[in-house]
Amino acid sequence: MSDIKTLGEFIVDKQHDFPHASGELSSLLGSIKLAAKIVNREINKAGLVDITGAIGSENVQGEQQQKLDVYANEKFKAALQARDQVCGVASEEEDEAVSFDSEHSRNAKYVVLMDPLDGSSNIDVNVSVGTIFSIYRRISPVGTLATEEDFLQPGHRQIAAGYIIYGSSTMLVYTTGNGVHGFTYDPSLGVFCLSHENMTIPDDGRIYSINEGNYIRFPNGVKRYIKYCQENVPEDNRPYTSRYIGSLVSDFHRNLLKGGIYLYPSTASHPKGKLRLLYECNPMAFLIEQAGGKASDGCQRILDIEPSELHQRVPFFVGSTSMVNKVEEFLETYPDND
Ligand code: P6P
């Protein structure tokens, strides 16, 4: 047991990384850890109980809500509210941001933005899914209700971000701005154990992740990049390998470990891109930069984008720095005519 370091122990060890938040952020991350265990338990038996499948309602994105979407959203909200470190939550599953109204919550210093169950349409086919979270220090005065400005902060102001991937094993990966660290869940012990300290992404890679079914309506630069990936140039390790799971957290996690790029450009059905800036792109961008990679919307750093609305979407290119640079180069060299 001596060589096992749990997530809780690791956070305490790293307290010195941000002395101004002695135990608050660790308590906040602890509530995320608890909710992750609860959601993990339900996902692992999703095929056994009548909890899968759509519930017939739609979220603000107009997407069919899966029962586990709603379940995960409620569990993470409850866990975040219970420990009095969070004054409000914004979620893919909530039309508006939720301000917690208890006296303790009004005095809390942080807000959390999350996609409680990303890729949930994969649940019924037993493909891995994930939770994505992003943590900011509030702007509005302590003692008041959280306001919209607390949630519409640019990504470079995040103080922590991470994801849980519910895959062949369940992992929690997070950063507080001092590297990226991964913890694998041991259900026999009920704890997340440090398994990947200081995760870094290779500067280059051979994996590209994109839904090529949308090819016809991709920007010219993206079309050119896809053909570049497919060219037979052995001395440049091309052709690359196409890997697309349809679950951002899973594609991101594999590319983080092996090197690669995930691309979700503008498409016919999503002219501004499909991925949401605040609770998908910003946290993933914070993580990838901390791991030595890059994230852009094709022409600017994701973390520098000034948000205008809670559920806004942006084109998203994230992964190995040299691969993201190459896409940006193609987008600049081959602009769209219109
Ligand atoms: P498409 C899941 O809905 C998600 O937001 C990401 O997790 C995933 O990478 C993407 O959308 C899949 O979208 O259009 O390729 O099915």
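Residue 437, in the working numbering, is where the sequence shown stops; the numbers in between run on with no holes. Don't be surprised by glycine CBs; every beta carbon is placed ideally from N, CA and C.
Extent of the continuous alpha helix (DSSP H) to which residue i belongs
{"i": "residue 352", "result": "347-357"}
{"i": "residue 207", "result": "No alpha helix (DSSP H) holds residue 207; DSSP gives it neither H nor E."}
{"i": "residue 181", "result": "166-181"}
{"i": "residue 263", "result": "Not the alpha helix (DSSP H): residue 263 falls in the beta strand (DSSP E), residues 259-265."}
{"i": "residue 140", "result": "123-143"}
{"i": "residue 325", "result": "319-329"}
{"i": "residue 386", "result": "381-389"}
{"i": "residue 250", "result": "247-250"}
C-alpha gap between residue i and residue j, whole angstroms
{"i": "residue 71", "j": "residue 174", "result": "Within the shown structure, residues of the chain are numbered from 100 to 437, placing residue 71 beyond reach of any answer."}
{"i": "residue 409", "j": "residue 357", "result": "32 Å"}
{"i": "residue 225", "j": "residue 123", "result": "36 Å"}
{"i": "residue 264", "j": "residue 135", "result": "9 Å"}
{"i": "residue 494", "j": "residue 185", "result": "Since the displayed the chain opens at 100 and closes at 437, residue 494 lies outside it and no answer follows."}
{"i": "residue 289", "j": "residue 131", "result": "14 Å"}
{"i": "residue 321", "j": "residue 181", "result": "45 Å"}
{"i": "residue 178", "j": "residue 279", "result": "23 Å"}
{"i": "residue 299", "j": "residue 319", "result": "31 Å"}
{"i": "residue 433", "j": "residue 338", "result": "21 Å"}
{"i": "residue 424", "j": "residue 305", "result": "14 Å"}
{"i": "residue 395", "j": "residue 414", "result": "8 Å"}
{"i": "residue 137", "j": "residue 167", "result": "11 Å"}
{"i": "residue 219", "j": "residue 229", "result": "8 Å"}
{"i": "residue 297", "j": "residue 382", "result": "17 Å"}
{"i": "residue 127", "j": "residue 201", "result": "17 Å"}
{"i": "residue 402", "j": "residue 189", "result": "18 Å"}
{"i": "residue 336", "j": "residue 419", "result": "15 Å"}
{"i": "residue 245", "j": "residue 271", "result": "27 Å"}
{"i": "residue 187", "j": "residue 285", "result": "30 Å"}
{"i": "residue 144", "j": "residue 257", "result": "34 Å"}
{"i": "residue 376", "j": "residue 331", "result": "35 Å"}
{"i": "residue 248", "j": "residue 102", "result": "43 Å"}
{"i": "residue 243", "j": "residue 205", "result": "5 Å"}
{"i": "residue 232", "j": "residue 115", "result": "22 Å"}
{"i": "residue 140", "j": "residue 291", "result": "14 Å"}
{"i": "residue 106", "j": "residue 380", "result": "24 Å"}
{"i": "residue 238", "j": "residue 125", "result": "20 Å"}
{"i": "residue 422", "j": "residue 311", "result": "17 Å"}
{"i": "residue 109", "j": "residue 172", "result": "26 Å"}
{"i": "residue 221", "j": "residue 133", "result": "23 Å"}
{"i": "residue 359", "j": "residue 203", "result": "43 Å"}
{"i": "residue 129", "j": "residue 211", "result": "13 Å"}
{"i": "residue 183", "j": "residue 287", "result": "29 Å"}
Among the options, the one whose alpha carbon lies nearest that of residue i
{"i": "residue 223", "options": "142, 293, 359", "result": "142"}
{"i": "residue 327", "options": "284, 278, 398, 428", "result": "428"}
{"i": "residue 240", "options": "234, 209, 140", "result": "209"}
{"i": "residue 234", "options": "221, 213, 279", "result": "213"}
{"i": "residue 389", "options": "276, 127, 166", "result": "276"}
{"i": "residue 426", "options": "355, 317, 404, 377", "result": "317"}
{"i": "residue 269", "options": "375, 420, 281, 244", "result": "281"}
{"i": "residue 160", "options": "436, 435, 416, 411", "result": "411"}
{"i": "residue 261", "options": "221, 156, 248, 378", "result": "378"}
{"i": "residue 193", "options": "244, 170, 310, 380", "result": "170"}
{"i": "residue 347", "options": "416, 287, 393", "result": "416"}
{"i": "residue 195", "options": "238, 111, 345, 251", "result": "251"}
{"i": "residue 302", "options": "355, 436, 345", "result": "355"}
Span of the beta strand (DSSP E) around residue i
{"i": "residue 293", "result": "290-295"}
{"i": "residue 103", "result": "Per DSSP, residue 103 belongs to no beta strand (DSSP E) and is neither H nor E."}
{"i": "residue 276", "result": "Premise fails: residue 276 is in no beta strand (DSSP E) and is neither H nor E."}
{"i": "residue 186", "result": "185-190"}
{"i": "residue 393", "result": "393-395"}
{"i": "residue 416", "result": "415-418"}
{"i": "residue 232", "result": "228-236"}
{"i": "residue 308", "result": "306-308"}
6 Å Cβ shell around residue i - same chain, five flanking residues per side excluded
{"i": "residue 104", "result": "293"}
{"i": "residue 308", "result": "342, 343, 350, 361"}
{"i": "residue 391", "result": "299, 300"}
{"i": "residue 329", "result": "338"}
{"i": "residue 364", "result": "317, 318, 321, 414"}
{"i": "residue 352", "result": "264"}
{"i": "residue 217", "result": "229, 231, 347, 348"}
Proximal residues to residue i (C-beta, below 8 Å), its chain only, five neighbours per side dropped
{"i": "residue 367", "result": "313, 315, 316"}
{"i": "residue 384", "result": "254, 394, 400, 401, 402, 417"}
Nonlocal neighbours in the same chain, by C-beta distance under 7 Å from residue i, ignoring five residues either side
{"i": "residue 266", "result": "227, 349"}
{"i": "residue 253", "result": "402, 403, 404, 405, 406"}
{"i": "residue 324", "result": "425, 426, 429"}
Any non-hydrogen atom of ligand 2 closer than 7 Å to residue i Cβ
{"i": "residue 215", "result": "Ligand 2 is absent from the structure shown, which contains only ligand 1."}
Run the Cβ filter for me: residues under 5 Å from any heavy atom of ligand 1, listed in the order they occur in the chain.
217, 218, 310, 345, 346, 347
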